[in-house]
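Peer 1: Below is a structure I'd like to ask you about.
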Amino acid sequence: MNVKPRPGDPQITPALVAEHGLTEEEYERLVALLGRAPTFTELGVVSALWNEHCSYKHS
């Protein structure tokens, strides 16, 4: 599947990943699961779902 970023979406950088509360290892896992780099929207959704407060990361 060819997924393109939406116009105006920021570039996914290590700093942006960290701002979303994901570790480098978690980001690498996300890339492996998707088979590609996530979009900004996907990064936001996953960061919310994998947040320690929600604890979906460990379920």
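All letters in the sequence shown, in the order written, are residues 1 to 59 by our numbering.
Glycine included, every Cβ here is placed at the ideal spot set by N, Cα and C.
The model shown is predicted, which means the values in this text are computed figures rather than measured ones.
Figure out for me which residue from Val46, Leu16, Pro5 and Pro7 has the closest Cα to the Cα of Arg29.
Peer 2: Start at 1 with the first residue of the sequence shown, and residue 29 comes out as number 29. Residue Val46 is the option with its Cα nearest to Arg29.
Peer 1: Of the residues Met1, His20 and Glu26, which one's Cα is nearest the Cα of Thr41?
Peer 2: What you label residue 41 is simply residue 41 of the sequence shown in a count that begins at 1. Considering only alpha carbons, the answer is His20.
Peer 1: Using beta-carbon positions only, say whether Glu24 and Pro10 come within less than 9 Å of one another.
Peer 2: Taking the sequence shown and counting its residues from 1, the one referred to as residue 24 is at position 24. Taking the sequence shown and counting its residues from 1, the one referred to as residue 10 is at position 10. No, Cβ-Cβ distance for Glu24 and Pro10 is not below 9 Å.
Peer 1: Confirm, please, whether the CB-CB distance from Val17 to Ala39 is below 9 Å.
Peer 2: Here residue 39 corresponds to residue number 39 of the sequence shown, with the count starting at 1. Here residue 17 corresponds to residue number 17 of the sequence shown, with the count starting at 1. The question names Ala, but residue 39 is Thr in the sequence shown. Result no, Cβ atoms of Thr39 and Val17 do not sit closer than 9 Å.
Peer 1: From which residue to which residue does the alpha helix (DSSP H) around Gly35 run?
Peer 2: If you number the sequence shown from 1, residue 35 lands on position 35. Taken as a continuous stretch (DSSP letters only), Gly35 belongs to no alpha helix (DSSP H), as it is neither H nor E.
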